[in-house]
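In terms of my numbering, the sequence shown opens at residue 100 and continues consecutively.
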Amino acid sequence: MHRSIRSAAVASVVAAGLVFGLSACSEISDAAKDEAVDQVDKAVNEEYDVTYEVTGKSVDSIQFSAGGGSAMAPKLETVEKPTLPWTKTVTLRGIMPPSVLPIALDAGADAQVTCKITYKGKAIAEESGGGLAAAGGCVAVSPLAQ
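In structure tokens, the structure reads:
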């Protein structure tokens, strides 16, 4: 009889320890989830500045990510008949990719274009082209995603 009481007491202590242990793990797990959510929110909402540069000739317009919209559907702004060289500094958020697209409608031999995206003084994307290749552009991965 004493053995069954002792066994029941030990089983109760083990069960109580298991319950407290699992609840502590759950609290740690919840804390880890909360920390991960906070880090994602911070990364998505963190702002950064980039400078777009376009040089060359025969550029009819320039489209660029201006900071509105979302990473999957960024808002593009357009400058018609830009004076070259052209520069613009914009503030983007999180994983939103910086992009600038010079457009040369008459992409003949006369069209020459170079575009560059700069972050903290360092070029993160740069492209050059002439003729039909002048219609290309620059797109970079968000520096916050690296």
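For each residue, glycine too, the CB sits at the ideal point set by N, CA and C.
Here the structure is a predicted model, which is why all the values come from computation and not from measurement.
For A224 and T188, I'd like the C-alpha separation in whole angstroms.
Counting from 1 along the sequence shown, the entry for residue 224 is found at position 125. Counting from 1 along the sequence shown, the entry for residue 188 is found at position 89. The straight-line gap from Cα to Cα measures roughly 15 Å.
Report yes if the CB atom of L183 is closer than 9 Å to the CB atom of K156, and no otherwise.
Counting from 1 along the sequence shown, the entry for residue 183 is found at position 84. Counting from 1 along the sequence shown, the entry for residue 156 is found at position 57. Closer than 9 Å, so yes.
Residue ranges of each beta strand (DSSP E) run of no fewer than 3 residues wholly in the segment 161-230, ordered along the chain?
173-179, 185-192, 198-202, 211-218 and 221-229
C-beta atoms of T186 and V153 nearer than 9 Å
Here the question's residue 186 lines up with position 87 in the sequence shown. Here the question's residue 153 lines up with position 54 in the sequence shown. Their beta carbons are under 9 Å apart, which means T186 touches V153 by this criterion.
S164 versus L175, A170 and M171, residue with shortest Cα-Cα distance
Here residue 164 refers to the residue found at position 65 when the sequence shown is read from its first residue. That would be L175, whose Cα lies nearest to the Cα of S164.
For V212, decide whether its Cβ has a neighbour in chain D, counting only Cβ atoms nearer than 9 Å.
The displayed structure is made up of one protein chain only, and chain D is not part of it.
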